[in-house]
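For the sequence shown, UniProt numbering assigns the number 1 to the initial residue and increments by one for each residue that follows.
Every residue, glycine too, gets a C-beta built ideally from N, C-alpha and C.
Owing to the predicted nature of the structure, the values given are computational and were not obtained by experimental measurement.
What follows is one structure encoded as structure tokens, with my remarks underneath.
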Amino acid sequence: MSYAKKDEDADHSGFKLDRTSVFQDARLFNSSPISPRRCRTLLTKLAVLLFTGEKFPTNEATTLFFGISKLFQNKDPSLRQMVYLILKELAHTAEDVIMSTSIIMKDMTVGSEIIYKANSIRALCRIIDATTVQGIERLIKTAIVDKSPAVSSAALVSSYHLLPIARDVVRRWQSETQEAASSSKSGGGFLSFSTGSQHSLAAANTNYMNQYHAIGLLYQMRSHDRMALVKMVQQYGAAGAVKSPAGVMMLVRLAARLAEEDPSLRKPMMQMLDTWLRHKSEMVNFEAAKAICNVPDVTDAEAAQAIHVLQSFLTSPRAVTKFAAIRILHAFASFKPQAVNSANPDIEALISNSNRSIATFAITTLLKTGNEASVDRLMKQIAGFMAEITDEFKITIVEAIRTLCMKFPSKQAGMLTFLSGILRDEGGYEFKRAVVESMFDLIKFVPGSKEETLSHLCEFIEDCEFTKLAVRILHLIGVEGPKTPQPTKYIRYIYNRVVLENALVRAAAVTALAKFGVGQKDPEVKKSVKVLLTRCLDDTDDEVRDRAALNLRLMEEEDDIAERFVKNDSMFSLSTFEHKLVMYVTSDDKSVFSKAFDVSSVPVVSHEQALAEERTKKLTTATPTLKAPSTGPTKPKANGAAEGPSAAAAAQKYTEIFSRIPELAAYGPVLKSSSVVELTESETEYVVSAVKHIFKEHVVIQYDIKNTLDQTVIENVTMLAAPSEDEEPTLEEEFIIPATALKTNEPGLVYVAFKKLGGEHSFPTTTFGNVLKFTSKEIDPTTGEAEEAGYDDEYEVENLELTGADFVSPAFAGSFDHIWEGTGANGEEASETLQLANVKSLADATEQLAQTMSLQPLEGTDVVLSNTTHTLKLYGKSVTGGRVAALVKMVFSAKSGVTVKVSVRTDEAGLSGAIASVLS
1 MSYAKKDEDA DHSGFKLDRT SVFQDARLFN SSPISPRRCR TLLTKLAVLL FTGEKFPTNE
61 ATTLFFGISK LFQNKDPSLR QMVYLILKEL AHTAEDVIMS TSIIMKDMTV GSEIIYKANS
121 IRALCRIIDA TTVQGIERLI KTAIVDKSPA VSSAALVSSY HLLPIARDVV RRWQSETQEA
181 ASSSKSGGGF LSFSTGSQHS LAAANTNYMN QYHAIGLLYQ MRSHDRMALV KMVQQYGAAG
241 AVKSPAGVMM LVRLAARLAE EDPSLRKPMM QMLDTWLRHK SEMVNFEAAK AICNVPDVTD
301 AEAAQAIHVL QSFLTSPRAV TKFAAIRILH AFASFKPQAV NSANPDIEAL ISNSNRSIAT
361 FAITTLLKTG NEASVDRLMK QIAGFMAEIT DEFKITIVEA IRTLCMKFPS KQAGMLTFLS
421 GILRDEGGYE FKRAVVESMF DLIKFVPGSK EETLSHLCEF IEDCEFTKLA VRILHLIGVE
481 GPKTPQPTKY IRYIYNRVVL ENALVRAAAV TALAKFGVGQ KDPEVKKSVK VLLTRCLDDT
541 DDEVRDRAAL NLRLMEEEDD IAERFVKNDS MFSLSTFEHK LVMYVTSDDK SVFSKAFDVS
601 SVPVVSHEQA LAEERTKKLT TATPTLKAPS TGPTKPKANG AAEGPSAAAA AQKYTEIFSR
661 IPELAAYGPV LKSSSVVELT ESETEYVVSA VKHIFKEHVV IQYDIKNTLD QTVIENVTML
721 AAPSEDEEPT LEEEFIIPAT ALKTNEPGLV YVAFKKLGGE HSFPTTTFGN VLKFTSKEID
781 PTTGEAEEAG YDDEYEVENL ELTGADFVSP AFAGSFDHIW EGTGANGEEA SETLQLANVK
841 SLADATEQLA QTMSLQPLEG TDVVLSNTTH TLKLYGKSVT GGRVAALVKM VFSAKSGVTV
901 KVSVRTDEAG LSGAIASVLS
């Protein structure tokens, strides 16, 4: 008989089990004497059924449970283990399982063999309920501090499972859990048994796993007490306090979370993370380095030691160590490329590594951290091994190149040559999609590459095997082709798809073709498009014929009507659209479904705003790292770009809300709403925040107020918002909408409306002094009602500034120089020079300036390539549609910080000075 492995002979009939037949065989458990071997076989079949999702009815599960319980009479250790394993699984379904506790508890008593004791603890904690936990409390507490690490771990993990049903009881075991966390008992991950009557645990390695379990349980016990967690981290984080690397890793993660959630704890927690970088265990070093790199707003100085440790791992002889280090650096370089520059020499050495996974990450990391001069050299090295790696790694490289295209627009020619070359290579759909997406981004964000990129895409669809890609490319050609100097050269490529492709591609080609005819000023081109569309009326597919007929009809209409249907650039805010759809389909109120989903409630954003958001996402989102568990820190909002579509969505949301308030509905749609501005600390008795809403001729301030005082209600709540009167008044108060009454922890809204004295094209800036006025009444504890008598009171909160940035939103444009010259010729200009003494680097200054001015960085200037000088180009649009361009020149000095000269040009009078003064 041959035992050689043969795939064609693979027979899994032993695992094709029938629940009924296995249940009938369970009569074996009642036989006498007990046969351990036959019972183990039957228990294994039960395990297969249970672990593959088979459910036993309650009556069958109960019969099985008590039948298996009879096997405790036999002392065979392997059989006993299987008994405990199956009893745990059946305990959730069977009835009256509590009756078996006395049998199981016999194995928990002093003198029982270790293997029995650990298994009995695990099984018992699955069987008991909340009312009987106290009955085994003494046994569990004793087991937690047992000298055997296996028993201690079993008790700790079982306590973890008891927390949801008996939290108060389990929390009384803190002293025993602390003792287990401090103990130095070592244990292994494998159990071995002798053939005699004595059975022992053999440690496969010294890992102190019970310490890890104890720290995890302590965290659950103290999860609602932040100071207790801090003490726990400090106590067990001391050198030598915890010998388990897994336990220290849990402390690392907890310290990182505390640093992220509480700013006051950031410094001590970061110091502890820095200490763990020098731990003797590599896994702790990696976890600490990753935690530091993932801390939001981490500075270059804070990350320096972590980068140094990871850099030292790059020269390790072990491939897995190098891979782990380069992957963390790769993710961090997406957000802080300048911080990783110091590791570039060691990263470059990995490009020629025989492990292509490591080489790929090395290349893509260098693409993120390298400067413009190194791009060409790196591209040549990439081309050398693209044919040797899998599609998954190719996608990683293509994504890095896509980001590079937007960072260094001047290098677009070489990158386009590379992308077009690999587009012709063999590859699957995901790889080809990544390349096509990168070429799309070149067209959108690097206008100089548009014609050449379109030509490459036209050639690609001539022999494209993927329908989805062909449809997307045809759509893009239809959008961008008519804007080129010679649009007619693309018509042939499109019509070829109508003749040669399947119905889906033909339909997309018809729509793309129509875009060349709508609004076309050249009568010959329009006539040619009509002829081609007319031929499509004979197509065999309904969709193709319908699209052709519709577009022919639209071409006969006025251009503005046709363009609204065919060339409409506006689009729904997809994130808001998705959220509203999810809320609609998951609503608990069934009456919601009596009406169709209201698409008009979804905000519409302009093409420029959508591009601004898309570019920001692609520059700040980490490149896919082969399903890595984390892609890096949550990067702070680096510029105003992300505010574009979100601001439009917010304005749409507030417009919908204000339409139900008659006084505000008369003002028309909201042009822009600011983010929330906190005017008090969160711990004060009255918590106040504000949102500024800009209308055509009005400014409305929305005050969100919460009363945190116990047994108190405040009534007739108003806000006295007084604009500063240093200069001539620009705003005039029209009315206040007060909040009627606010009970304890109950939020309320107060609206204060102002009229712009300068009209709709004015951009008033001022500082509002804010005083909260109300009548305070105590609540009668017996009746729960407010007392009739009260007293008037007032509460002063922080001032609120209305600045030029409140009147502009980020927008994307292809050529900053063209806009700068255009606004300079017809608009006005304002300049401001200032010192940013508290800013530590040009990169930080770039982030702050773009966000403060609410403008979009263009041409990759949000990436700082020098440590001493930088020029930032910003663009946006005013609430009335005018262009806003800003040129910011920065110089950094270690002594004086960052010196900034800001020049702002606008189409509208008064706005440039208002924006420039935002920084002063």
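Contact set for Arg-38: own chain, Cβ-Cβ below 7 Å, skip 5 residues either direction = Leu-28
ask   = Under a three-way DSSP split, which group does Gln-835 fall into?
value = strand
inquiry  = Measuring straight from C-alpha to C-alpha, what distance separates Leu-423 and His-330?
reply    = 25 Å
message = At the level of alpha carbons, what is the spacing between Met-853 and Val-918?
response = 7 Å
query = For His-92, which residues of its own chain have a beta-carbon under 8 Å away from its beta-carbon, when the five flanking residues on both sides are left out?
reply = Arg-126
ask   = So, are the CB atoms of Lys-411 and Val-435 less than 8 Å apart?
value = no
task = For Glu-465, count neighbouring C-beta atoms within 10 Å of its own C-beta (all shown protein chains included) and say buried if the count is 16 or more, exposed if not.
result = exposed
ask   = According to the neighbour-count rule (16 or more other Cβ atoms, all chains shown, within 10 Å of its Cβ), is Glu-643 buried or exposed?
value = Low local confidence applies: a pLDDT of 48 at Glu-643 is under 50, so the model's placement there is unreliable, and no value is given.
ask   = What are the complete alpha helix (DSSP H) segments, minimum 4 residues, inside the region 42-122?
value = 58-69, 77-90, 101-105
inquiry  = Could you pull the DSSP bridge partners for Gly-748 from this structure?
reply    = Ile-705
request  = Label Ala-622 either buried or exposed according to how many other C-beta atoms from any shown protein chain fall within 10 Å of its C-beta, with 16 as the threshold for buried.
outcome  = Residue placement at Ala-622 cannot be trusted, given a pLDDT of 44 that sits under 50; the coordinates are not used to answer.
request  = Tell whether a beta-carbon distance below 8 Å holds between Ile-389 and Arg-433.
outcome  = no
message = Please return the same chain residues whose Cβ sits closer than 6 Å to the Cβ of Ala-154, not counting the five positions on each side in sequence.
response = Ala-118, Ile-121, Arg-122
request  = Provide the residue(s) that pair with Arg-883 in DSSP beta bridges, ordered along the chain.
outcome  = Lys-877
task = In angstroms with no decimal places, state the Cα-to-Cα distance between Pro-345 and Met-272.
result = 29 Å
ask   = Near Ser-815, which residues of its chain fall below 7 Å by C-beta distance, leaving aside the five closest residues on each side in sequence?
value = Pro-447
message = With H, G and I counted as helix, E and B as strand and the rest as coil, what does DSSP make of Thr-634?
response = For Thr-634, the predicted structure reports a pLDDT of 41, less than 50, and the residue's modelled location is therefore unreliable. The matter cannot be settled from this model.
ask   = Excluding the five sequence neighbours on either side, which residues of its own chain have a C-beta within less than 7 Å of the C-beta of Lys-637, listed in chain order?
value = Because Lys-637 sits at a pLDDT of 41, beneath the cut-off of 50, its placement in the model cannot be relied upon, and the point is left open.
query = Helix, strand or coil: how does DSSP classify Phe-408 here?
reply = coil
ask   = Quick one: what's got a C-beta closer than 8 Å to Asn-838's C-beta in the same chain, skipping five residues either side?
value = Gly-897
task = Closer than 8 Å by C-beta to Val-864: which residues in its own chain qualify, once you throw out the five before and the five after it? Chain order, please.
result = Gln-338, Ser-841, Leu-842, Ala-843, Thr-846, His-870
ask   = So, Pro-723 versus Leu-731, is the Cβ gap smaller than 8 Å?
value = yes
request  = Could you check if Val-582 is buried or exposed, using at least 16 other CB atoms within 10 Å of its CB as the buried criterion?
outcome  = exposed
ask   = Closer than 8 Å, CB to CB, is Met-272 near chain D or not?
value = Of the chains in the structure shown, none is chain D; there is only one protein chain.
task = Would you list the one or two residues that DSSP bridges to Leu-772?
result = Met-719, Tyr-795
ask   = Which one of Gly-478, Val-713, Gln-486 has the shortest CA to CA distance from Tyr-495?
value = Gly-478
Distance between Lys-756 and Arg-883 (C-alpha atoms, nearest Å) = 21 Å
query = How many angstroms separate the CA atom of His-308 from the CA atom of Ala-288?
reply = 12 Å
Closest residue to Asp-107 among Trp-276, Ile-819, Tyr-84, Pro-485 (Cα-Cα distance) = Tyr-84
ask   = Do you know offhand how far Val-233's Cα is from Leu-254's?
value = 8 Å
query = For Gln-24, is the classification buried or exposed, using 16 other Cβ atoms within 10 angstroms of its Cβ as the cut-off for buried?
reply = exposed
key: Rounded distance between the beta-carbons of Val-295 and Ala-256, thought under 8 Å   = 6 Å
ask   = Taking DSSP as the reference, what is the three-state secondary structure of His-818?
value = helix
key: Collapsed DSSP secondary structure at Lys-755 in the structure displayed   = strand
ask   = Would DSSP call Gly-897 helix, strand or coil?
value = strand
request  = Give the DSSP-derived three-state secondary structure of His-161 in the structure shown.
outcome  = helix
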